[in-house]
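First up is the structure itself, then whatever we jot down about it.
Protein chains: 4
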Amino acid sequence: MLLELRPEVDYLEKQNLLDRLKRMGFQVVESDTNILAVIGGIDSLVVQDDFAALPQVLKVHPLTANFKLASRQTKPSDTIIEVKGVKIGGDELFIIAGPCSIESREQLEACAKVAKEHGAQALRGGAYKPRTSPYEFQGMGVDGLKLIAEIGAKYGLITVSEVMDASQIEVAAQYLDVIQVGARNMQNYALLNELGKVKTPVLLKRGFASTYHELLMAAEYIMLSGNPHVILCERGIRTIETFTRNTLDLNAIPSLQQLTHLPVIADPSHGTGVRSLVLPMARASVAAGAHGILVEMHPHPDQSISDAKQTISFDTFAELCTQVKRIKSVM
Amino acid sequence: MLLELRPEVDYLEKQNLLDRLKRMGFQVVESDTNILAVIGGIDSLVVQDDFAALPQVLKVHPLTANFKLASRQTKPSDTIIEVKGVKIGGDELFIIAGPCSIESREQLEACAKVAKEHGAQALRGGAYKPRTSPYEFQGMGVDGLKLIAEIGAKYGLITVSEVMDASQIEVAAQYLDVIQVGARNMQNYALLNELGKVKTPVLLKRGFASTYHELLMAAEYIMLSGNPHVILCERGIRTIETFTRNTLDLNAIPSLQQLTHLPVIADPSHGTGVRSLVLPMARASVAAGAHGILVEMHPHPDQSISDAKQTISFDTFAELCTQVKRIKSVM
Amino acid sequence: MLLELRPEVDYLEKQNLLDRLKRMGFQVVESDTNILAVIGGIDSLVVQDDFAALPQVLKVHPLTANFKLASRQTKPSDTIIEVKGVKIGGDELFIIAGPCSIESREQLEACAKVAKEHGAQALRGGAYKPRTSPYEFQGMGVDGLKLIAEIGAKYGLITVSEVMDASQIEVAAQYLDVIQVGARNMQNYALLNELGKVKTPVLLKRGFASTYHELLMAAEYIMLSGNPHVILCERGIRTIETFTRNTLDLNAIPSLQQLTHLPVIADPSHGTGVRSLVLPMARASVAAGAHGILVEMHPHPDQSISDAKQTISFDTFAELCTQVKRIKSVM
Amino acid sequence: MLLELRPEVDYLEKQNLLDRLKRMGFQVVESDTNILAVIGGIDSLVVQDDFAALPQVLKVHPLTANFKLASRQTKPSDTIIEVKGVKIGGDELFIIAGPCSIESREQLEACAKVAKEHGAQALRGGAYKPRTSPYEFQGMGVDGLKLIAEIGAKYGLITVSEVMDASQIEVAAQYLDVIQVGARNMQNYALLNELGKVKTPVLLKRGFASTYHELLMAAEYIMLSGNPHVILCERGIRTIETFTRNTLDLNAIPSLQQLTHLPVIADPSHGTGVRSLVLPMARASVAAGAHGILVEMHPHPDQSISDAKQTISFDTFAELCTQVKRIKSVM
């Protein structure tokens with residue numbers, strides 16, 4: 051339920067109303083307009099007329115979406131998440147680049163240098179790697195986090211890396227500017243709840259067979275636990291096509307932007323799984339309206355420990371940056 | 051198998067070789083370079099060394115793809131199909147627009163006028179409609195074909211419409227510049243074979259759960275029967291997502307362009323099934339590298355007899371044309 | 051709309067009512083109970099109260115399903131299709147067996163002998179083969195049809211084979227007891243309409259990415275054109291799993307049986323695409339309630355021209371028949 | 051790599067070999083035959099000839115599957131997991147029944163009584179519930195675990211419940227005989243690794259869009275961490291069909307049984323999501339060869355807090371037990 055307040059309501063009257071709602075057992079979230087989202091309790095038992103009768107309330111709006119905090123209905127204006135002076139979700143294109151796995155200082159620093167040079171604002175690199183097989187490289191762990199923090203600071207880049215379990219959040223929050231939740235963990239609710247308790251923005255990737263609705267519900271878990279800074283990321287779904295590893299679903303970009311106020315970015319590296327498709331699909335992502343893109347690159351793509359097939363070279367990355375900015379400029 | 055001829059081979063020597071191959075039971079297709087595709091026979095029984103020993107032959111290349119005529123390996127340069135002076139498959143963006151079903155002269159003419167005005171080169175409209183239910187409108191039939199031919203001529207637009215059965219081809223070829231094969235008939239081999247016997251270019255839509263490989267094999271049926279003028283069209287596939295009617299798979303655009311020399315276009319109307327997504331996904335299609343787009347529009351979208359949910363208005367179409375041309379201009 | 055007639059309505063009164071409905075522009079189908087299905091016209095414009103007021107009518111039931119003739123609502127009792135004394139759709143398990151493609155008299159006769167010996171009632175074999183590639187074996191055509199008719203007659207087996215185009219129906223109807231529509235042609239509406247005009251029962255296979263609803267709508271096309279003898283066949287759908295060629299969807303068996311009165315069988319050969327899975331999945335099909343099964347076998351499975359991977363040997367077929375009958379006996 | 055030992059190798063010689071392999075940095079797992087699975091190290095660098103030269107070794111077998119401990123190649127005989135005297139994975143059909151969520155002592159005890167009466171060996175009930183929405187009932191938590199332990203003991207039933215996070219394992223292991231990993235957590239590797247450190251058998255559900263290979267890889271994580279007692283469960287995948295909530299993929303049963311020695315059961319409740327399909331699909335699961343089934347039931351199915359649509363009544367459960375045992379008896 052949304053309560054639209056009278057324009058003339060002052061600070062004290064508003065606090066009064068907030069206190070009252072909390073005593074009644076509701077959780078209340080203020081959105082950017084003069085609107086309060088009232089959550090919890092059992093909506094169907096709530097006599098909406100009672101709320102409408104409150105002196106501070108202009109109108110009561112029932113909520114149609116199952117997700118509330120993430121819904122554009124609750125907050126019509128775009129959410130802009132500011133990290134180290136970069137505004138994510140606004141007009142500027144947000145580019146995240148880096149290796150799939152952090153392998154060494156040399157490798158990560160080479161990526162950071164190239165990322166910065168071509169206008170990316172963020173450096174990504176996996177420290178904890180979710181691998182289908184337990185026999186594959188599982189990542190450098192905390193050492194990887196320390197490395198990315200150090201190199202991110204040196205080059206003035208936002209740092210992004212993935213956590214796979216609630217126990218990793220505390221240390222990750224020390225070293226990272228943005229914490230990523232991978233596709234396989236999109237419905238790991240224990241993890242989502244714990245991420246709601248930190249202030250670090252969360253990059254939430256769509257599960258490889260999850261619907262838009264489920265992605266928004268996963269965002270809702272984080273937001274309801276207290277962290278409103280969620281960036282959604284389309285990264286391809288499983289379909290009947292086998293030429294590509296995944297099918298990047300760009301319908302998701304404008305669809306999600308209609309449903310939610312959160313920033314929405316695209317990952318053409320995982321979304322295709324094929325090196326030669328990353329560049330054209332990065333262009334298409336931006337043309338579809340994505341607030342940003344996330345791409346994997348490596349100084350020597352063929353030697354990448356993980357996901358070599360989809361990793362692009364520095365030259366391709368340079369070309370990609372030129373082309374996506376050109377697309378962005380005519381939007 | 052591909053035979054690469056010596057550069058100095060003259061016309062007579064080439065005819066000689068062609069005759070010899072045909073007597074041996076092979077079908078031979080000349081591609082745009084100095085290359086002959088030798089088809090049929092049983093490849094594995096062919097002693098490739100024998101061919102390599104022919105005086106006209108420089109080199110024998112085995113074919114790796116199962117599709118031969120459609121493969122970029124056989125013909126490295128892009129195929130450009132020229133219809134009424136319009137070059138499809140080249141640098142110019144090819145825009146097809148019109149109603150899902152032809153309903154009346156007024157409706158179709160209104161569409162033609164707007165299509166022309168905003169730079170579309172082709173008018174589409176369904177005369178024979180494949181409908182899931184036998185109780186739904188099945189189209190105007192031949193009367194619809196006559197109408198689109200007349201209005202296409204009046205406005206200088208290429209005409210495109212769908213046939214559903216081999217028996218409709220003869221009459222369709224009289225009235226249409228391009229014959230469409232719908233997604234449901236992509237593997238209707240009897241239809242494909244018959245379309246190979248006419249000269250009219252064919253717009254072949256990807257089946258809603260068909261792979262790129264199967265689409266190329268369907269094109270191969272048409273080409274092997276004698277018609278090399280095939281335009282491929284991505285129109286969305288069925289996935290786990292239910293918010294959109296289909297998932298427009300834009301990975302298909304650059305993927306197909308790597309695999310084949312044929313023109314590849316996208317249909318963001320069927321590919322999304324949602325009116326508000328057509329415009330952003332048309333932009334994304336062009337950014338992904340599509341040679342053209344196909345969109346459904348209607349003077350009164352909500353009154354469209356078929357597929358009303360995905361049909362855009364004339365105003366949206368005008369805006370769409372402006373935006374896709376802007377994207378195209380920076381590619 | 052269904053009209054439930056008063057129990058005391060006699061023949062003349064019923065004819066009277068039928069005439070009246072036809073004059074009003076409706077198509078009327080009598081189902082096995084005292085119920086008339088009234089089709090066509092525009093349901094929403096029909097004043098149902100007017101029908102309820104007719105002296106012969108006890109009650110008017112609106113139809114909830116989009117498919118009408120195929121719906122169990124229209125005809126609550128199971129449809130039993132009798133072919134050469136065999137009742138398909140009743141208590142007896144209907145077994146169809148034979149090679150994927152008819153290759154020779156010897157091959158087909160060997161299959162017929164084994165089929166008969168182990169209790170199958172029908173012989174299948176492809177004469178026109180829908181192949182993804184135009185370079186693969188396309189079938190023996192009419193010669194194949196003649197062969198199966200001759201051998202079917204000799205062994206007292208129902209003959210089943212596929213047609214791919216309306217032009218093949220006339221000759222197929224001469225030689226076959228049951229005409230099959232393959233998965234790729236499930237929405238070839240021209241073919242379905244023409245099959246409605248013959249009396250030969252139709253074995254309609256589910257498209258590899260079609261829903262139950264679409265399968266029933268395809269059956270509706272055949273029935274509405276005049277042929278009520280439709281047998282539905284689940285044959286596997288495309289999913290994210292790649293170990294099997296298709297995923298046999300046995301949920302379809304009880305689901306379809308709730309939705310329709312038509313017989314429903316399963317094809318564990320195409321439904322798995324893996325030889326070693328055919329036997330256990332045949333058992334599971336029968337346990338799920340299938341009215342019959344269709345399996346591909348060959349005297350020398352590894353030498354089968356088509357679909358060798360999923361073709362079982364005569365020994366496996368013998369064992370399969372023993373096991374499925376045992377399951378059937380305890381149902 | 052598998053080392054097949056000479057039959058005459060005695061205890062001391064075997065220990066010798068084991069010590070040697072461990073010093074070389076390999077992890078060694080003994081399987082039930084005279085075979086050692088040698089894991090880790092980098093297979094490609096290992097000179098297999100060196101191993102073949104060891105006096106205790108008869109033959110060296112390379113491993114073809116990526117999963118090693120779970121592979122039937124490593125351990126050809128079926129694994130039988132014994133819990134409270136019940137053998138899971140052998141000839142006896144293992145039936146798990148109970149409510150989706152534990153709601154109250156009365157509800158759970160009513161289910162236990164009926165489960166025991168009709169021959170089920172295990173009681174299931176959710177204490178921690180993974181829910182798509184944070185606004186839905188999240189389960190009774192530890193109180194639910196205590197309740198199921200108490201009631202399981204009273205009725206002599208094995209207790210089964212789900213954990214969603216590594217932090218819940220310690221307490222869960224106190225109260226449960228079998229710990230379930232739900233579909234959404236199948237690739238939560240942190241959770242899988244921790245489950246490898248307890249001795250409690252794990253019921254591992256297939257992810258709703260995971261392949262057989264990925265399911266086996268998830269089992270491998272648990273086994274490699276030290277817990278060999280893994281029961282696999284097919285519970286339906288997402289497909290293009292929308293009539294059912296999921297598509298129970300029974301091909302998985304015989305396929306997995308060919309690939310692995312672990313027990314494989316089926317969950318027709320989640321696998322269909324439709325109450326009326328649970329009974330026929332339970333029959334089909336057993337006919338496909340499942341070692342067991344898991345079904346959700348409730349004293350008042352329509353009042354079930356979660357998954358009411360697929361929950362069966364006690365009467366249906368009784369009928370289901372009768373029917374599946376009849377099928378099992380003829381296998």
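Residue numbers (the working numbering), protein chains in the order written: chain A, 51 to 381; chain B, 51 to 381; chain C, 51 to 381; chain D, 51 to 381. All C-beta atoms, glycine included, are put in the ideal place defined by N, C-alpha and C.
Residue i: contacting residues in chain C (beta-carbon distance under 9 Å)
| i | result |
| --- | --- |
| residue 290 of chain A | 258, 259, 288, 289, 290 |
| residue 116 of chain B | 182, 183, 185 |
Proximity to residue i [Cα-Cα], best of the options
| i | options | result |
| --- | --- | --- |
| residue 265 of chain D | C/291, C/296, C/273, C/64 | C/291 |
| residue 154 of chain B | B/226, B/353, B/57 | B/353 |
| residue 355 of chain D | D/78, D/144, D/189, D/128 | D/189 |
| residue 45 of chain D | D/198, D/206, D/203 | Beyond the ends of chain D as shown, which are 51 and 381, falls residue 45 of chain D; an answer cannot be given. |
| residue 301 of chain A | A/294, A/283, A/295 | A/283 |
| residue 308 of chain A | B/216, B/293, B/267, B/298 | B/293 |
| residue 256 of chain D | D/203, D/238, D/55, D/278 | D/238 |
| residue 275 of chain D | D/288, D/247, D/297 | D/247 |
| residue 437 of chain A | A/339, A/102, A/61, A/202 | This structure does not reach residue 437 of chain A, given that chain A is present from 51 up to 381, and the question cannot be answered. |
| residue 350 of chain D | D/125, D/117, D/157 | D/157 |
| residue 183 of chain D | A/242, A/210, A/187 | A/242 |
Proximal chain D residues relative to residue i, where beta-carbon distance stays under 9 Å
| i | result |
| --- | --- |
| residue 121 of chain A | The premise fails here: residue 121 of chain A is roughly 13 Å from chain D at the closest Cβ pair, so nothing lies under 9 Å. |
For residue i, the first and last residue of its enclosing alpha helix (DSSP H)
| i | result |
| --- | --- |
| residue 208 of chain B | Unbroken run through residue 208 of chain B is the beta strand (DSSP E), 208-213; no alpha helix (DSSP H). |
| residue 264 of chain D | 262-274 |
| residue 321 of chain D | 318-322 |
| residue 328 of chain B | 325-337 |
| residue 221 of chain B | 219-225 |
| residue 172 of chain A | First-last for residue 172 of chain A: 172-174, but that is the beta strand (DSSP E), not the alpha helix (DSSP H). |
| residue 369 of chain D | 364-379 |
Continuous beta strand (DSSP E) stretch holding residue i: start and end
| i | result |
| --- | --- |
| residue 191 of chain B | No beta strand (DSSP E) contains residue 191 of chain B, which DSSP labels as neither H nor E. |
| residue 249 of chain C | Segment: none, residue 249 of chain C is in no beta strand (DSSP E) and carries neither H nor E. |
| residue 65 of chain D | Careful: residue 65 of chain D lies outside any beta strand (DSSP E), inside the alpha helix (DSSP H) at 61-73. |
| residue 104 of chain B | From DSSP, residue 104 of chain B is part of no beta strand (DSSP E); its letter is neither H nor E. |
| residue 229 of chain B | 228-231 |
7 Å Cβ cut-off: residues of chain C touching residue i
| i | result |
| --- | --- |
| residue 235 of chain B | 238 |
| residue 215 of chain B | 216, 240 |
Neighbour list for residue i in chain D, Cβ cutoff strictly below 8 Å
| i | result |
| --- | --- |
| residue 267 of chain A | 182, 183, 184 |
| residue 262 of chain C | 291, 293 |
7 Å Cβ cut-off: residues of chain D touching residue i
| i | result |
| --- | --- |
| residue 345 of chain C | The premise fails here: residue 345 of chain C is roughly 15 Å from chain D at the closest Cβ pair, so nothing lies under 7 Å. |
Within chain C, the residues that residue i reaches when beta carbons sit closer than 8 Å
| i | result |
| --- | --- |
| residue 271 of chain B | 184 |
| residue 254 of chain D | Simply none; closest approach about 17 Å. |
9 Å Cβ cut-off: residues of chain B touching residue i
| i | result |
| --- | --- |
| residue 69 of chain A | Here the premise fails: no neighbours, minimum Cβ distance about 39 Å. |
| residue 274 of chain C | 184, 185 |
Quiz item: For the region 108-168 of chain B, which segments carrying the beta strand (DSSP E) assignment without a break, of at least 3 residues, lie completely within its bounds, in sequence order?
Solution: 131-133, 136-138, 144-148
Self-check item: Chain-ordered residues of the region 180-201 of chain D with a beta carbon less than 8 Å from chain A
Solution: 180, 181, 182, 183, 184, 185
Quiz item: Listed from N- to C-terminal order along the chain, which residues in the region 348-366 of chain D have their beta-carbon within a distance smaller than 7 Å of any beta-carbon of chain C?
Solution: none
Exercise. Could you list the residues in the region 308-320 of chain A with a C-beta less than 7 Å from some C-beta on chain B, going in chain order?
Key: 308
Exercise. Could you please tell me which residues of the region 130-150 of chain C, in chain order, have their CB closer than 7 Å to any CB of chain D?
Key: none
Practice problem: Scan the region 320-332 of chain A for residues whose Cβ lies nearer than 7 Å to a Cβ of chain B and list them as they occur along the chain. | Solution: 322, 326, 327, 330, 331
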